[in-house]
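Under the numbering used here, think of the first position of the sequence shown as 54, with each following residue one higher. To keep things clear, I will list the structure first and then write my remarks on it.
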Amino acid sequence: MKQVKPLADRVLIRPVAAETKTSAGIIIPDSAKEKPLQGEVIAVGEGTKDEAMILKAGDQVLYGKYAGTEIELDNEKLLIMRQSDVLAIIK
């Protein structure tokens, strides 16, 4: 995988895979799948003079439904967003 280093207060996130079946076994088509709201931080920037970087690689996080910009890197869809777009760290 190519190395990507986010700048300033940005983080690179790998979204968790969307559910493909319901609990009743119904297969959900791609057009009806919900955008995942959870992911793993895989790279972080240095932060800014006004905002220290509190996230680190490996953190499991929750983020807003429309947060971030989707990018494709080595045939994998990732999100890059500001640290302030992350809602919570999952422990």
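Quick reminder that beta carbons are idealized off the backbone N, C-alpha and C, glycines included. Fair warning: this is a prediction, and the values are worked out from it, not measured in the lab.
Once you ignore the five residues that flank residue i on each side, which residues in its own chain have a CB closer than 8 Å to its CB?
i, result
"ALA110", "VAL94, ILE95, ALA96, VAL97"
"MET134", "ARG63, VAL64, ILE66, TYR116, ALA120, GLY121, THR122"
Could you compute how far the alpha carbon of residue i sits from the alpha carbon of residue j?
i, j, result
"LYS55", "GLU129", "11 Å"
"LYS102", "ILE79", "49 Å"
Could you please give the first and the last residue of the uninterrupted beta strand (DSSP E) stretch that includes residue i?
i, result
"GLU125", "122 to 126"
"LEU140", "139 to 143"
Any idea what DSSP makes of residue i, helix, strand or coil?
i, result
"GLN113", "strand"
"GLN91", "strand"
Who are the Cβ neighbours of residue i in its own chain at under 7 Å, not counting the five residues just before and after it?
i, result
"LEU140", "LEU115, TYR116, GLY117"
Please go through the same chain and pick out, in chain order, the residues whose beta-carbon is closer than 6 Å to the beta-carbon of residue i, but skip the five residues on each side of it.
i, result
"ILE143", "GLN113"
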